[in-house]
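Engineer:
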Amino acid sequence: MRTLIVHNTKSGFGSDAIFEFERALVRQGDECVLRVLPDDSGATEAVTDAEDFDLVVVSGGDGTVANLLYALRFRGVRTCIFPSGTANLIFGNLGCASEPWAIAESCVAGAVAETDLGEISWVDGRGLRKTRGFALMAGSGFDATLMKDAIPNKRTMGEAAYFAAALANAHPKVVTYDITVDGRTFRRRGIACIVANNATMQGDIDIVSNCTMADGLLDVIVLATTDAVQLLMPMLSGILDKKARAGRPFIEHFVGKSISVRSSSPMPMQVDGDVVTDLTMGYEAHALP
Numbered sequence: 001m002r003t004l005i006v007h008n009t010k011s012g013f014g015s016d017a018i019f020e021f022e023r024a025l026v027r028q029g030d031e032c033v034l035r036v037l038p039d040d041s042g043a044t045e046a047v048t049d050a051e052d053f054d055l056v057v058v059s060g061g062d063g064t065v066a067n068l069l070y071a072l073r074f075r076g077v078r079t080c081i082f083p084s085g086t087a088n089l090i091f092g093n094l095g096c097a098s099e100p101w102a103i104a105e106s107c108v109a110g111a112v113a114e115t116d117l118g119e120i121s122w123v124d125g126r127g128l129r130k131t132r133g134f135a136l137m138a139g140s141g142f143d144a145t146l147m148k149d150a151i152p153n154k155r156t157m158g159e160a161a162y163f164a165a166a167l168a169n170a171h172p173k174v175v176t177y178d179i180t181v182d183g184r185t186f187r188r189r190g191i192a193c194i195v196a197n198n199a200t201m202q203g204d205i206d207i208v209s210n211c212t213m214a215d216g217l218l219d220v221i222v223l224a225t226t227d228a229v230q231l232l233m234p235m236l237s238g239i240l241d242k243k244a245r246a247g248r249p250f251i252e253h254f255v256g257k258s259i260s261v262r263s264s265s266p267m268p269m270q271v272d273g274d275v276v277t278d279l280t281m282g283y284e285a286h287a288l289p
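So the sequence shown is numbered by my numbering: it starts at 1 and just counts up by one.
Next comes the structure, spelled out in structure tokens:
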């Protein structure tokens, strides 16, 4: 088997687990190529020759993995996600065992699943249109603020950095969102509007119900609250109702293939945990089945 491993050394805690995986994967007569991503990403360039390999392994955090998956979209390349980041939610949503040797065994056995991706576009501060793919969630508002403020502490605190950022932003900005879902428009006020390909967070808790990576649809999640403290209620409800069968307090959601969002004032934005540099007035997103 000929394998390409694309690895981001800057993701997560910088563990050597990817090398344990490589040792478990390679058999006699196999060939394995390891490429380390440069600091400025370079996802597209790293997988230019992906079709020359039997397997491509994308190793990093959720942002790195999403960028690489997007670069591989519609190319029919068998791909393994290796969890080298802080949260590793994309990997977790696939339901795989996390031990390096177990992931290697799945690759050798040829176990596969077909999943959707999302694509999101926006206009940056210079008036240029930007487009990126996402595997989990992207959007504007409070979640992007948390991602940005957690960056300095992620290497030392891990996932706790996000909770520290939430405590530091107890009163987030509230705006009006005009949300168009497959031609129908809704107006809502809240602190964030997120599009999700999958909405399962840590602890196997679903933010909204029936959001999967294989239905050809995106879920629009509106945090319809004026206070970050109120978000404790949906978090607590998630402990008792992990699949959100009874809904979530202060959270409203819509489902569709094509989404357009406009906010009443500029808001920060994130794509699978990667924070966009400029504030934005909105975005368009659609599902890539």
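Heads up, the beta-carbon is just placed ideally off N, CA and C, and yes, glycines get one too. Small disclaimer: the values here were computed from a predicted structure and weren't measured.
Three or more C-beta pairs closer than 8 Å, one from the region 29-47 and one from the region 112-125: is that the case here?
Structural biologist: Judged by Cβ distances under 8 Å, the region 29-47 makes no contact with the region 112-125, as fewer than three pairs qualify.
Engineer: Who are the near neighbours of V36 in its chain, counting only those whose CB is closer than 7 Å to its CB and skipping five residues on each side?
Structural biologist: Only H7 and T9 meet the Cβ criterion.
Engineer: Given this structure, state the Cα-to-Cα distance separating R27 from R78, to the nearest angstrom.
Structural biologist: Looking at the two C-alpha atoms, the distance is approximately 18 Å.
Engineer: Please state the DSSP three-state secondary structure of E99.
Structural biologist: Reduced to three states, the DSSP call for E99 is coil.
Engineer: The alpha helix (DSSP H) with E22 in it runs from where to where?
Structural biologist: That run of the alpha helix (DSSP H) goes A17 to L25.
Engineer: Could you have a look at T44 and say whether DSSP puts it in helix, strand or coil?
Structural biologist: The answer is helix: DSSP assigns T44 an H, G or I state.
Engineer: Which stretch, first to last residue, makes up the beta strand (DSSP E) that contains I5?
Structural biologist: Start and end: R2 to H7.
Engineer: Give every residue of the same chain whose Cβ lies closer than 6 Å to the Cβ of G63, excluding the five residues on either side of it in the sequence, and list them in chain order.
Structural biologist: Excluding sequence neighbours, G63 sits near D272, G273 and D274.
Engineer: What is the rounded straight-line gap between the Cα of P268 and the Cα of R262?
Structural biologist: About 13 Å.
Engineer: Using the beta-carbon count (16 or more within 10 Å), is P289 buried or exposed?
Structural biologist: Its Cβ having fewer than 16 others within 10 Å, P289 is exposed.
Engineer: Identify every residue that forms a DSSP beta bridge with F254.
Structural biologist: Note: F254 sits in a beta bridge opposite V220.
Engineer: So L90 is in the alpha helix (DSSP H); what residue range does that whole segment cover?
Structural biologist: For clarity, residue 90 is Ile in the given sequence; the question names Leu instead. From DSSP, the alpha helix (DSSP H) with I90 extends over L89 to N93.
Engineer: For F53 and R2, what's the separation of their Cα atoms in angstroms?
Structural biologist: If I take the Cα positions, the gap works out to 5 Å.
Engineer: What is the DSSP secondary structure of F134, counted as helix, strand or coil?
Structural biologist: Strand, per DSSP.
Engineer: Under the criterion of a Cβ to heavy atom distance below 7 Å, does P172 qualify as lining the ligand ATP?
Structural biologist: For the ligand ATP, the structure offers nothing, since it holds no ligand at all.
Engineer: Beta carbon of K257, beta carbon of D178: below 8 Å?
Structural biologist: Contact: no.
Engineer: Would you identify the three-state DSSP class for T212, choosing helix, strand or coil?
Structural biologist: Of the three classes helix, strand and coil, the one that applies to T212 here is coil, per DSSP.
Engineer: How far does the alpha helix (DSSP H) with D62 in it reach, from first residue to last?
Structural biologist: Start and end: D62 to A71.
Engineer: Does the region 70-77 come close enough to the region 98-105 to have 3 or more Cβ pairs within less than 8 Å?
Structural biologist: Verdict: no, contact absent.
Engineer: With DSSP run on the structure shown, which of helix, strand or coil describes V108?
Structural biologist: Reduced to three states, the DSSP call for V108 is helix.
Engineer: Near A71, which residues of its chain fall below 7 Å by C-beta distance, leaving aside the five closest residues on each side in sequence?
Structural biologist: The answer, listed in chain order, is A43, T44 and V47.
Engineer: Can you give the beta carbon distance from L55 to C107, rounded, assuming they're within the 8 Å contact cut?
Structural biologist: Rounded, the Cβ-Cβ distance is 6 Å, consistent with contact.
Engineer: Find the nearest neighbour of G141 within the set I18, G110 and G282, judged by alpha-carbon distance.
Structural biologist: Residue G282 is the option with its Cα nearest to G141.
Engineer: Where does R248 land, buried or exposed, given buried means 16+ other C-beta within 10 angstroms?
Structural biologist: Buried.
Engineer: State the DSSP-derived secondary structure class of F186, mapped to helix, strand or coil.
Structural biologist: Strand, per DSSP.
Engineer: Taking the alpha carbon of L92 as the point to measure from, which residue in D215, V222, A199 and P38 has its own alpha carbon closest?
Structural biologist: Position check: residue 92 holds Gly in this sequence, whereas Leu was assumed. The shortest C-alpha separation from G92 is found at A199.
Engineer: For the beta strand (DSSP E) that F82 lies in, which residues bound it at each end?
Structural biologist: Looking at the DSSP string, the run of the beta strand (DSSP E) that includes F82 is T79 to P83.
Engineer: When you compare only the Cα positions, how much space is there between R189 and F250?
Structural biologist: Using only the alpha carbons, I get a separation of about 11 Å.
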